[in-house]
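Numbering (the numbering used here), first residue to last: 47 to 451. These notes are about the structure you will find just below.
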Ligand SMILES: Cc1cc2nc3c(=O)[nH]c(=O)nc-3n(C[C@H](O)[C@H](O)[C@H](O)COP(=O)(O)OP(=O)(O)OC[C@H]3O[C@@H](n4cnc5c(N)ncnc54)[C@H](O)[C@@H]3O)c2cc1C
């Protein structure tokens, strides 16, 4: 939609072919229905939140940054608001207002929208696009095509990976794809008993399981924030970010530090103080200050200390074990929840084969790409939509120059 608007505003005659019966099905579910439109961080900081091929995005994002996106929506009647961490949402908290604004501008700019229209082929002649085929039958001549078919996640929104096939047919390579910003499944049975428990201000370290060598393993990911236990494993912002560093099929160990603000020594002193205050109480009854109540049975069991044991009788080794466990509650990651629960697809059309200044294919004239179909992805916070707006805008402006009639 952004690509179409930008092309139309440069004077091109534009048609959107959308295979769904309505526009923006994925946009509708973004940000839990509130749509985190963009992020107000400095453009330099923006790139540090892009996981793959940030440099490729320089022209697109510098040329159409979060200010431009905010101006676009506000000037077209959709008020926005900024929340924690620079996240921008529609003031109404309804993603439908973002979609409505886009559709209104499309109408104003005389962009034709064909719904229920699946592009099934992109025709090429003499190294340039010449036509598209819709629903396997109708062939339509074109001067340029912008492929913005999205990735593979949440298939029901329309992202079924058609764009990768169009790219491959035109000679492009598509890098290995996998679900990203996705919850993890873990093997420890105690995890599911914590379902619904959300932990704030914890830190995690993720490392490959079974790596040889006596040296300390280099973590694949380290981070601090908020996570959630689910019936299958773990989720929440911290885990989703960690998943951007996970490769399908890998077994990873997730080390959870429940008290990252305290060193082992400080935590030991803290536990000792709690113990001294409840010397005659049962072990199972004095942990309320240390852990949320849902976690107490799990920590008790994993510590191996009988919950009925009097605190007075707990040995130094037992106490140290509890401290160790609190600083390193280890889980084994067995996989992810797949595309059905992934916010984005990692991998896509190889950006080396796309001109970063125009979004045009280097292999086929008049063929442009924008958004998630390309091998670009970022963490949560409004960055992925900003990538879509920026690359869509650039592709639209440049594709408009291809028009010959
Ligand atoms: C649950 C969820 C929440 C998210 N929340 C946020 C958020 O708050 N902020 C953020 O920045 N990002 C968020 N994202 C990511 C963001 O939605 C995507 O990165 C972004 O929508 C990608 O835009 P796109 O235009 O490339 O693809 P899409 O938005 O997926 O759009 C692709 C469109 O192409 C259509 N299409 C596909 N193939 C064909 C074909 N052959 N013919 C015709 N039409 C076709 C599809 O029907 C679809 O409408 C979220 C993603 C999910 C799944």
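Think of the CB as a built atom: it goes at the ideal place given N, C-alpha and C, for glycine as much as any other residue. In this text the structure is predicted, and so the values were computed from the model without any measurement.
Own chain residues within Cβ distance below 7 angstroms of residue i, not counting five before or after
{"i": "residue 137", "result": "125, 126, 127"}
{"i": "residue 81", "result": "73, 135, 136, 141, 144"}
{"i": "residue 182", "result": "166"}
{"i": "residue 255", "result": "297, 298, 299, 378"}
{"i": "residue 279", "result": "229, 230, 231, 232, 237"}
{"i": "residue 381", "result": "231"}
Per DSSP, the bridge partner or partners of residue i
{"i": "residue 271", "result": "248"}
{"i": "residue 85", "result": "133"}
{"i": "residue 343", "result": "Paired residue(s): none; residue 343 is not in a bridge."}
{"i": "residue 328", "result": "356"}
{"i": "residue 303", "result": "249"}
{"i": "residue 375", "result": "302"}
{"i": "residue 167", "result": "179"}
{"i": "residue 413", "result": "191"}
{"i": "residue 392", "result": "224"}
{"i": "residue 64", "result": "161"}
Proximal residues to residue i (C-beta, below 8 angstroms), its chain only, five neighbours per side dropped
{"i": "residue 374", "result": "301, 302, 303"}
{"i": "residue 411", "result": "173, 174, 175, 448"}
{"i": "residue 461", "result": "This structure cannot speak to residue 461, because the chain is shown only from 47 to 451."}
{"i": "residue 357", "result": "321, 324, 325, 326, 327, 328, 329, 332"}
{"i": "residue 355", "result": "328, 329"}
{"i": "residue 386", "result": "199, 200, 201"}
{"i": "residue 349", "result": "364, 367, 368, 371"}
{"i": "residue 389", "result": "199, 226, 227, 228, 286, 426, 430"}
Sequence-distant residues of its chain with Cβ nearer than 6 angstroms to residue i (five each side left out)
{"i": "residue 346", "result": "330, 353"}
{"i": "residue 48", "result": "435, 438, 439"}
{"i": "residue 64", "result": "161"}
{"i": "residue 404", "result": "444"}
{"i": "residue 446", "result": "53, 56, 58"}
{"i": "residue 195", "result": "208, 209, 419"}
{"i": "residue 132", "result": "85, 86, 87"}
{"i": "residue 337", "result": "345"}
{"i": "residue 281", "result": "229, 274"}
Beta carbon of residue i nearer than 9 angstroms to that of residue j
{"i": "residue 268", "j": "residue 246", "result": "no"}
{"i": "residue 201", "j": "residue 442", "result": "no"}
{"i": "residue 224", "j": "residue 170", "result": "no"}
{"i": "residue 310", "j": "residue 369", "result": "yes"}
{"i": "residue 421", "j": "residue 401", "result": "no"}
{"i": "residue 61", "j": "residue 193", "result": "no"}
{"i": "residue 287", "j": "residue 425", "result": "yes"}
{"i": "residue 359", "j": "residue 98", "result": "no"}
Coil, strand or helix - residue i by DSSP
{"i": "residue 115", "result": "helix"}
{"i": "residue 387", "result": "helix"}
{"i": "residue 265", "result": "coil"}
{"i": "residue 365", "result": "helix"}
{"i": "residue 351", "result": "coil"}
{"i": "residue 408", "result": "coil"}
{"i": "residue 69", "result": "coil"}
{"i": "residue 228", "result": "coil"}
{"i": "residue 28", "result": "Outside the shown range of the chain, which is 47 to 451, sits residue 28, and nothing can be said about it."}
{"i": "residue 127", "result": "strand"}
{"i": "residue 153", "result": "helix"}
{"i": "residue 290", "result": "coil"}
Segment contact, 8 angstroms Cβ cut-off, at least three pairs: the region 219 to 230 with the region 195 to 210: yes
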